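Only one structure is covered here, and it is reproduced in the block below.
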Amino acid sequence: MSFTCSFVESCPIGVAAVMALYLEAILLGILQGIAEFLPISSDGHLAVFGKLLGELLGTGSVNPEDDGRLFLMVIVLHLGSLATLLVVYWKDLVGLLHKPRLLGWIVLSTLVTGVLAIGFKKAFRDMFNSPTIAALGWLVTAGFLWWADRIRGTTLTLDQMGWKQAVGVGVLQALAPAPGVSRSGTTITAGLLTGLSRAEATRYSFLIAIPAICGAVVLELVKPLLGMLLKGQSAAEAFPGVVLNSTTIPPLIVGAVVSFLVGLLCLRWLIAFVVQRSLNSFIIYLVVMAVLTLLWQFLAPGLFVTA
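Using this note's numbering, the first residue of the sequence shown is number 33, and each one after it goes up by one.
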């Protein structure tokens, strides 16, 4: 029994290869569900472990020119995280209707991020094929966390924040599309630097994650789909580098569902962990992961490639 290859239509793909796609999606979904809500960069983990699993499972070697597959998976997995945030924070989101000032700051942060990041859209996308860049991003995140962990005496609440906090958080969030640079790590650091307490900086970080993820989904998923529906574009034109069919789409959906469920189980515990504990454990973890990834890429880049 065989199926049409998900990435090269003329390439026959067996049941084992299809199962490898599902296994990859499930493992990356679990990773996304946990890493998205810790200051360790889920994008960095998906870039590195996506490459690693691609070599171990053979899913990344079906077509070397398929440079868009992993990036599309990252966007779809973030849909699961977005659903988690909407479920967990729905009361806060409804409450924003009665807090126009805070809602305005969230909009301002999002606009600042969008203006600064939109020009680097293609560059950020290309970075997902480089574990080396993700490793360097982890070192940048470790630096931000080291800085944040040494900030003391910040007490401002979200009701007391002003435009300086909103702009500062928006500026640093613009770095987050780069793999390895943690969105929550940079935004929490920005919040602390501008006077927010750690609990409030963390809360604000996750509130502005919702429009940030929505923006990425609209640009990278909704816009191409509208192009297919309204302009008659083919899937290959809308999603360059990826062939979407009955073989590739189901694993993407499974990955998003796994990301949602894992995030739902872990989110509140992970937030409490970030707020109450020292950031040193994350700093050590990021440095170790960065060093291991750099050693892998420079000394044995093909170590995990299966025959």
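Note that the Cβ used here is the ideal one computed from N, Cα and C, for glycine as well.
On a predicted model such as this, the values are computed, not experimentally measured, just so you know.
Beta-carbon contacts of residue i that lie in its chain and below 6 Å, excluding the five residues immediately before and after
i: L114; result: I245
i: I242; result: L117
i: G20; result: The question about residue 20 has no answer here: the residues shown for the chain are numbered 33 through 339.
i: E56; result: L85, L89, T91
i: A198; result: W137, L140, S141
i: P283; result: L53, Y54, A57
Residue i - containing alpha helix (DSSP H), residue span
i: V294; result: 281-308
i: M260; result: 255-262
i: D158; result: 153-159
i: S216; result: 215-225
i: P132; result: 132-149
i: S313; result: 312-331
i: V249; result: 230-249
i: I165; result: 163-181
i: G202; result: 195-205
i: A270; result: 267-270
Nonlocal neighbours in the same chain, by C-beta distance under 8 Å from residue i, ignoring five residues either side
i: L129; result: L135
i: I165; result: A79, M159, A210, P211, G212
Residue burial classification, residue i (beta-carbon count within 10 angstroms, cutoff 16)
i: D158; result: exposed
i: M51; result: exposed
i: A304; result: exposed
i: I220; result: buried
i: T189; result: exposed
i: P23; result: The structure shown does not extend to residue 23, since the chain is modelled only from 33 to 339, so the question has no answer here.
i: K83; result: buried
i: S278; result: exposed
i: I240; result: buried
i: T187; result: exposed
i: L262; result: exposed
i: G223; result: buried
i: G194; result: exposed
Close Cβ partners of residue i (< 7 Å) along its chain, the five nearest in sequence each way excluded
i: L276; result: A267
i: L111; result: V249, A288
i: M260; result: A267, A270
i: W179; result: T221
i: I107; result: A248, V249, E252, L253
i: T353; result: Given that the chain is displayed from residue 33 to residue 339, the structure contains no residue 353 and the question cannot be resolved.
Ranges of the alpha helix (DSSP H) found wholly within the region 64-122, counting only runs of at least 4: Those alpha helix (DSSP H) runs which fall completely within the region 64-122 and span 4+ residues are 74-89, 101-120.
Validate contact between the region 246-265 and the region 293-313 using beta carbons, cut 8 Å, 3 pairs: No, they do not touch.
Stretch pair the region 252-267 + the region 320-335: three plus CB contacts closer than 8 Å: Remark: fewer than three beta-carbon pairs, one from each stretch, lie closer than 8 Å, so the region 252-267 and the region 320-335 are not flagged as touching.
Contact the region 59-75 vs the region 167-177: 3+ CB pairs below 8 Å: Enough Cβ pairs lie closer than 8 Å, so yes.
Contact the region 222-238 vs the region 268-276: 3+ CB pairs below 8 Å: Judged by Cβ distances under 8 Å, the region 222-238 makes no contact with the region 268-276, as fewer than three pairs qualify.
Cβ contact check for the region 290-302 and the region 58-73: 3 or more pairs under 8 Å: Counting Cβ pairs under 8 Å, three or more are found: they touch.
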